[in-house]
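Please read the structure below before turning to the comments.
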Amino acid sequence: MTHEEHHAAKSLGVGKAIAVLTSGGDAQGMNAAVRAVVRVGIYTGARVFFVHEGGTVIGSARCKDFREREGRLRAAHNLVKRGITNLCVIGGDGSLTGADTFRSEWGDLLNDLQKAGKITAEEANKSSYLNIVGLVGSIDNDFCGTDMTIGTDSALHRIIEIVDAITTTAQSHQRTFVLEVMGRHCGYLALVTSLSCGADWVFIPECPPDDAWEEHLCRRLSETRTRGSRLNIIIVAEGAIDKNGQPITSENIKDLVVKRLGYDTRVTVLGHVQRGGTPSAFDRILGSRMGVEAVMALLEGTPDTPACVVSLSGNQAVRLPLMECVQVTKDVTKAMNEKRFDEAMKLRGRSFMNNWEVYKLLAHVRPPVTKSGSYTVAVMNVGAPAAGMNAAVRSTVRIGLIQGNRVLVVHDGFEGLAKGQIEEAGWSYVGGWTGQGGSKLGTKRTLPKKSFEQISANITKFNIQGLVIIGGFEAYTGGLELMEGRKQYDELCIPFVVIPATVSNNVPGSDFSVGADTALNTICMTCDRIKQSAAGTKRRVFIIETMGGYCGYLATMAGLAAGADAAYIFEEPFTIRDLQVNVEHLVQKMKTTVKRGLVLRNEKCNENYTTDFIFNLYSEEGKGIFDSRKNVLGHMQQGGSPTPFDRNFATKMGAKAMNWMSGKIKESYRNGRIFANTPDSGCVLGMRKRALVFQPVTELKEQTDFEHRIPKEQWWLKLRPILKILAKYEIDLDTSEHAHLEHITRKRSGEATI
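For what it's worth, the UniProt record's numbering labels the leading residue of the sequence shown as 1, then goes sequentially.
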């Protein structure tokens, strides 16, 4: 990007004004979005206004004044008098619908105000059009066109915290718990909760249970107890209904279980606790990213640009016409009211459907009694432990059993495969694994090359026909060694797939790795507590060292989520001059009302500028202005229970990997044996932008920096300027790559896709 283009980005908002408001129900992460809109707006040279009471100024069902034209006239008058022609609305579909109505009437409202003498012709001319961009803030995730709304992930955190706590008491007393979560018209929270905790059953409004569901439910619960489980968990969305449209309540389900099975059953209605608490790392980053994109969309808008909503598709920020999204959302409700439930499910989109299909497989399909004609698949963990590994193993094992396969588990990675530490896993073997951190199978960093002979012998001995490898960079490099070993050992010519699982998020071929979200939340929680400790002492700067090897993902994303003043990483080289600039920035910050600083340092960002060096530098240069403290977080980043994101991500990755494996083994069956020697028979399963894709490990070699164990290109590096702008640094922002307006289209099946 040229200097002139950078300069244009910094002056994009000169002479313009932006107003930002929140409306409707609150959702965690809204504050992060507001912060981003304000700071990026100011960075571009725009004037930025808060609308303190969103419901009284711009559209929500709670604002009676705004329903009337007189109320909208007053709102238009307020905006015109302040020269505001750009409006960012953060709220649900009601708020966004009201905002779009306001925009469509804008010209007529200006004419009426001018006729009444409340504004001049010059003022009307300067405010001739109104740009509106929406950000969806809703814990229900009930807005079509986006994979996640702001606040949903945080609500899932609150729910899972309670589910985990209830699980321990339920096991102690052999109880059945019925948990009711929010979701009057959308079952997303209930559905993802069921996947994240391994629930026995979930009730959601989009897909009412079949007739005679009562018998099916009771049979399912009793089968679970017969297999040795000491508890049952049933998740109910508050809007759950049967096929006749009649409500299915928590109390209904409790009475059914007590009457037919005699189980000790309790009901817990979570209520507004789901809206409370601090936002998760995901929501903080989502709010920040969406806020930045909203400002760009507003300032690039023209009179012909339709009102848009900034959405998330996979890992990509996209702009969609607001009313297209609102209309599809209304179509979902209409389809449910008219009992067209299949259509309602499809309209929810690909992500919702994928969650539902995986849930149905894991909760409602019985594994076959016999395994005649089945394949033998082994699953193992490789590398350092990461939260979510157990959820991936559980999903892989159970999907394999459902397909009629024989599933083996390997202890201690490739070392265990060489030593024959292998056993067969049944359905109950992985029971309760979803919410457990670490690696139940054991995991080591050992690579396979030195043990090819022993590994080949055990592949033959145990008749292993496919291998699912769950792990980090060692899993990836181990896969490459297996491909190389095929030249010498025919036994290694079996399909394998690598599921990335590492806190470092450094596996080539995937934007995300299982375990990284949990580590990120651990860092954010620690940073929050550290910043809080500085609230009393004031004038204190904290230097925090994060894990990640040479990969700066954790330091960068935690810096963005926790509001850091700087984040030092290997991928972005820095000098003593850069350190000096950061110190000077903090000196100026101490003159403001926020008298604390937060600096993150990736553990291998620079061999000379160590954490101790930076701490000593800050301590010396800050003498008399601020104190410095340091904290090395260490292995606590690898521990703890996995977050809802990691549990759900791992579960879906395991299911997809096993489905691919069964097909690949069948495809590789030749002359009475499995022989797979094509590049696509050894793959990494990764999230790439908007989809989960299988990529041959050999094709990823060119994309890998093996010396530093990182991909050569990493998507999150483009977020680095946002971190600096939000920390109020004067830097250049590259606006050459941003989201373009897309459209929601309907397939013949009725599914809404982007």
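Yeah, the Cβ is synthetic: ideal placement off N, Cα and C, and Gly gets one too.
Sequence-distant residues of the same chain with beta carbon closer than 8 Å to residue i, five excluded per side
i	result
L189	I139, D140, N141, T152, A155, L156, I159, V181, M182, G183, A237, Q274
V393	V379, N381, V409, V430, W433, K440, L441, I470, G654
S313	T146, D147, R690, I754
K10	Y43, T44, G45, D732, L733
I58	With a pLDDT of only 34 at I58, under 50, the local geometry of the prediction cannot be trusted, and no value is derived from it.
L79	A19, T85, L87, S127, L130
Spatial neighbours of residue i in its chain, beta-carbon cut-off 6 Å, leaving aside the 5 residues before and after
i	result
L726	R39
T643	D517, T518, N521
M525	none
K254	V178, T265, V267
A534	R540, R596
P679	P696, T698
Expected contact under 8 Å - CB spacing of residue i and residue j to nearest Å
i	j	result
N602	G552	5 Å
M336	E206	7 Å
P385	Q638	5 Å
D93	F143	6 Å
H550	H708	It should be noted that the sequence gives Tyr, not His, for residue 550. Contact holds; Cβ gap of about 4 Å.
C605	I576	With a Cβ gap of about 14 Å, C605 and I576 do not count as contacting.
R540	F615	No, R540 and F615 are not in contact; Cβ-Cβ is about 13 Å, not under 8 Å.
L347	H743	No, L347 and H743 are not in contact; Cβ-Cβ is about 15 Å, not under 8 Å.
M547	S504	7 Å
I150	G137	4 Å
DSSP three-state assignment for residue i, whether helix, strand or coil
i	result
F675	coil
V57	Caution applies to V57, whose pLDDT of 34 falls short of 50 and renders its modelled position unreliable; the model cannot decide the point.
S316	Checking the sequence, you will find Gln at residue 316 rather than Ser. Correct three-state label for Q316: strand.
C308	strand
E572	coil
D705	strand
K604	coil
K712	coil
K444	strand
residue 755	Nothing can be reported for residue 755: it is not among the residues displayed for the chain, which extend from 1 to 754.
M380	strand
I665	helix
G134	strand
L12	coil
Q695	strand
V594	coil
F352	helix
I744	coil
S88	Contrary to the premise, residue 88 reads as Cys rather than Ser in this sequence. Note: C88 maps to strand in three-state DSSP.
Cβ-based neighbour list, residue i, same chain, cut-off 7 Å, excluding 5 preceding and 5 following
i	result
S229	G431
G13	G41, T44, G45, A46, L299
T383	One point to set straight first is that residue 383 is Gly, not Thr, in the sequence displayed. Taken in chain order, the residues that qualify are T443, R445, G471, G472, F473, E474, A475, T502.
Q695	G509, C683, V684, G686
M636	T522
E53	Residue placement at E53 is flagged as unreliable, the pLDDT there being 44, under the threshold of 50; the coordinate-derived value follows with that caveat. Here the set comprises nothing.
E621	V583
Within 8 Å, strictly: CB atoms of residue i and residue j
i	j	result
V257	T370	no
S23	G107	no
residue 791	I402	No information on residue 791 is available, as it lies outside the stretch 1 to 754 that the chain covers here.
F388	A650	Going by the sequence as given, residue 388 is Gly instead of Phe. Yes, these two residues count as a Cβ contact at 8 Å.
N458	I494	no
F542	L617	no
V507	V697	no
L130	V326	no
V163	C197	yes
I234	D200	yes
G435	R647	yes
G301	A36	no
S456	Y489	yes
Q28	P279	yes
R82	F49	yes
V309	E293	no
A555	L586	no
F341	P209	no
G287	A33	yes
In DSSP terms, what residue i is bridged to
i	result
R47	A17
D627	R540
E545	R601, V632
T265	T176
E423	V409
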